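**Student:**
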Amino acid sequence: MQPLSRSVSPSPSRLSISSFQNHVQSLGLGDHSSIHLASSNKPLAPTGAAQRYQFRFYFARAIANTLGPLAVVTVYLFIVFEYLEREEQNGVIPNRVVSANALFFTWIILSIFSLEWARSALAGFEAAALMKPRLAPSNALQLMWHTDRDWGQIGGWWRAMLCTIKYLGDKTSRRGYSGIGPNRTWDGPAGLWWYLGCSSFLFYAAVPLSGLSMNPADSLELGNQPVVILGANETTFGSRANSEVADAAMSGWRLGGVATPETPTVFYAPAESPNVSGLYYDDAIQAIYQYDLSGTSMKSRNITFFSGPRVSNRVHGVAWGLLTTTSCTPVNIYTGLELMNISSYANWSIPGITSRLFNGSALLTGSSSYSQYGSSPGVYFQDDGFGVNFTYLIASDHDIIGLGNPDYNNASTLPINGAFEIALWQSNLEGYPVDPAFTNLTRSPLVETSDNQTGYGVRCTLSTDVGTAQLSPSSHTFSAFTSKPANFTPALSATFAAAVPLFEYAGGYALQTVILSALTGIVPGYIGAPSCLPKNISPSVDTTCNVFYSANLATGGNPVQQTVDSGAVLMRQPTIPPERLTLAMYKMVGEAAASVMAVGAGEWQGDLRGLRPASDLQVGFVPWQVVVAMLGLWAVLTVVPQLWVFGERRWAATLTGEELVRFGVQLGRQGRDVGEAWREVPGLVGDLRPQEEVGEVGFSRYRAKARGREYVTSMERDC
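My numbering numbers the first residue of the sequence shown as 10 and each following residue consecutively.
1. Would you tell me roughly how many angstroms separate the C-alpha atoms of arginine 718 and valine 654, rounded to the nearest one?
2. Below 8 Å on the Cβ atoms is my contact criterion, and I expect valine 475 with glutamine 435 to pass it. Report the Cβ-Cβ distance as a whole number of Å.
3. Taking the Cβ atom as the reference point for each residue, do arginine 168 and alanine 132 lie within a distance shorter than 8 Å?
4. Could you tell me the alpha carbon to alpha carbon distance between lysine 175 and tyrosine 85, rounded to whole angstroms?
5. Secondary structure at alanine 428, three-state DSSP: helix, strand or coil?
6. Given this structure, state the Cα-to-Cα distance separating phenylalanine 487 from glutamate 612, to the nearest angstrom.
7. Considering only residues of the same chain and omitting the five flanking positions on each side of arginine 310, which have a CB-CB separation below 8 Å?
8. Could you name each continuous alpha helix (DSSP H) segment of 4 residues or more that falls completely within the segment 543-629, going from the start of the chain to the end?
9. Comparing C-alpha positions only, which one of Tyr441, Val694 and Ser459 sits nearest to valine 573?
10. Can you grab the Cα-Cα spacing for the pair alanine 47 / valine 645, in whole Å?
11. According to DSSP, is histidine 325 part of a helix, a strand, or is it coil?
12. Looking at the C-beta of lysine 175, does it have a partner C-beta in chain B at a distance below 8 Å?
13. Rounding to the nearest angstrom, what Cα-Cα distance links glutamate 281 and leucine 480 in this structure?
14. So proline 586 packs on leucine 450, CB below 8 Å; how close in whole Å?
15. For the alpha helix (DSSP H) containing threonine 529, list its first residue and its last residue.
16. From what residue to what residue does the alpha helix (DSSP H) around tyrosine 298 run?
17. I need the straight-line Cα distance from phenylalanine 315 to serine 540, nearest angstrom please.
18. Distance, Cα to Cα, tyrosine 558 vs threonine 448?
19. Let me make sure I understand the geometry here. Which of Asn242, Ser624 and Val694 has the alpha-carbon closest to that of asparagine 224?
20. Pull the bridge partners of arginine 70 from the DSSP assignment, please.
21. Helix, strand or coil for glycine 261? Go by DSSP, reduced to three states.
22. Got a sec, what are the start and stop residues for the alpha helix (DSSP H) isoleucine 121 sits in?
23. Report yes if the C-beta distance between aspartate 301 and threonine 269 is below 8 Å; otherwise report no.
24. Run the CB neighbour count on serine 22, radius 10 Å, all protein chains shown included, and call it buried at 16 or more, exposed below.
25. In whole angstroms, what is the alpha-carbon distance linking leucine 433 and serine 286?
26. Quick check on serine 575: buried or exposed, where buried means 16 or more other Cβ atoms within 10 Å of its Cβ?
27. Hey, could you find the ends of the beta strand (DSSP E) glutamine 391 is sitting in?
28. Does the beta-carbon of alanine 713 have 16 or more other beta-carbons within 10 angstroms, so that it is buried, or is it exposed?
29. Where does isoleucine 351 land, buried or exposed, given buried means 16+ other C-beta within 10 angstroms?
30. Applying the criterion that 16 or more other CB atoms from any shown protein chain within 10 Å of the CB defines a buried residue, is isoleucine 546 buried or exposed?
31. So for tyrosine 465, helix, strand or coil by DSSP?
32. The alpha helix (DSSP H) spanning tryptophan 653 covers which residue range?
33. Under the DSSP definition of a beta bridge, which residues are partnered with asparagine 356?
34. On the criterion of 16 or more Cβ atoms from any shown chain inside 10 Å, does glycine 619 qualify as buried, or is it exposed?
35. Under three-state DSSP, which class holds asparagine 251?
36. For phenylalanine 3 and serine 405, which I take to be in contact (beta-carbon distance under 8 Å), what is that distance rounded to the nearest angstrom?
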């Protein structure tokens, strides 16, 4: 029987499997062994008149398909390492190359367009792969799965999944999922389709996940606008009376808050310090306190911080301020103190005072004027109240050195190293219930008992300097400290000086002197009663004006009501253990350091600059590592095949339904149904006429030879 040739012009430009089979059925293939599908309803041209062509290179498309995935991955990696990995610190972001908002919305728009572009990139490889025997589907039925790029859309994935479920159901059941039984043949897509589908699915999944891996947020960045400075600088550092500074420190101490300057001013940590918050100093002393409570003292108790001037906004740049290093340690009252010599409750000596001078007095103040006799200031204070008998000794190793000659004005004496100490005796006041904290106090190895009094000491060392430092608002650290003495020097004539009270003299005293004045109420340079007096000494009017009561307030030891033996309900202050008094002294150092820099001569501007609002990208719900892994795998699966077929010619840029109708189809034996007939048609895009000079591209088992060979789009042939 002579085979029949026909021309078919399908109405749709894209063909699905079902539409393609309908065209075949309409031709009445039951009695025919072959069919030729042409792309036009015009009469087929004779062989000699057929339009010839050679396979083409698609370099521009190949380059775009190769570099495109790499560009997508590069953009996302840029977002990761420039934004997600360089996170904001304390609300401040590092300087960015691109605005975060602009980059975020650019990525969203790029992702939307990239979904279709990614399918197009894989389609280029698909067109070349269909010409390779190792990659092409085994039959035309599997080839039909490649129409309309179904491997790159949800509908195609759904159909492939249903086909797989039906096939497995038939294979694993005697009756079969669809009634066909175990003899069912695989009509689903071939390996190339699954490769393209998985590659496309990776990108479809990675795109929405990438959006969930980042969150737009408001933040701050370094700006260039000057800020108003409220605190002191080198020319105004000593313009306040030292008693005023001490009073400010004591007031802040008694509030019991965090030991830090008034916001937005902060203490700055050394540059190498990790994870510094705005409460750096308070965080450090609280950590030491917790170690002390656990019974294991920290190896290093030194805390170094820079106190810059009080500012109205967060700042960056170079500032002049106070550099402080301090360490406070609870010690044995007999053996751990260096400025005091104590052998019992009634036998002691501190600079300027000894127990022999006591004679029952509740208050003694030591020498505190111009380094008289080389002695240092000290105070003895004894009182009772709020359920506790308490006695304390306070001493400092640094005295003032003369009128008109402040401590921080002389570069040769900087830094100023020194110490201050406190010894505290406590006992339960008669008539009050025994304080459980007092019972626990007697078990401490640091505590000694003498004359029914329990005592211990705290020693604090200090090293202070003034100068300039570079401030970082993001890390709350300082760097490049350079010592630079204050240059405020009051000019007083000898005649005028004799008539001025000592506490009215300007010039900043050493920090330990300010602390001594804050704790005791004494006026440096003035021999006389301090402002805080025991209740038995006139004109005492405030029973809370003492270190015992104030240290309780500073560390959260607030008074409680108790019923005493007489039946009255009175206030009771808790006993102070060594750990809590150590914390209180640390807090006093912080309050004093903040107070000396808190107020200057007025508002002014310097080299400090403020922060400005900025946009940022922060880590989102999905870990960015997951997205990078998915995008990286997708890029490899997309780029490597492109490189493999980069320099090869092919019959079309991509596979579409319109391209498919250009191919000739050779059906097998007669009497087969359409599905079975399609299974026998090759799935390889090959040469229908391999032995002739001019070939014809179609579904053939012969590989199409690209280089130098000519082909026709359609030609009559005998089958």
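Backbone N, C-alpha and C fix where the C-beta goes; we use that ideal spot for every residue, glycine too. What you are looking at is a predicted structure, and each value in this text was computed from that prediction instead of being measured.
**Tutor:** So, from the listed chains and residues:
1. 19 Å
2. About 38 Å separates the two Cβ atoms, so there is no contact after all.
3. no
4. 40 Å
5. strand
6. 23 Å
7. Ile297, Ser336, Cys337 and Thr338
8. 556-563 and 587-605
9. Tyr441
10. Since pLDDT at alanine 47 reaches only 33, below the 50 mark, its modelled position is unreliable, and the value read off the structure follows with that caveat. C-alpha separation (whole angstroms): 38 Å.
11. strand
12. Checking the listed chains, one finds no chain B in this structure; it contains a single protein chain.
13. 13 Å
14. 5 Å
15. 520-529
16. 289-303
17. 30 Å
18. 19 Å
19. Ser624
20. Bridge partners of arginine 70: none, in fact.
21. helix
22. 109-138
23. no
24. Low confidence applies to serine 22: its pLDDT is 32, below 50, so where it sits in the model is not reliable, and the reading given next is rough at best. Looking at its Cβ environment, which holds fewer than 16 other Cβ atoms inside 10 Å, serine 22 is exposed.
25. 33 Å
26. exposed
27. 387-394
28. buried
29. buried
30. exposed
31. strand
32. 633-653
33. Ser353
34. buried
35. helix
36. Here the chain has residues from 10 to 728 only, and residue 3 is not among them.
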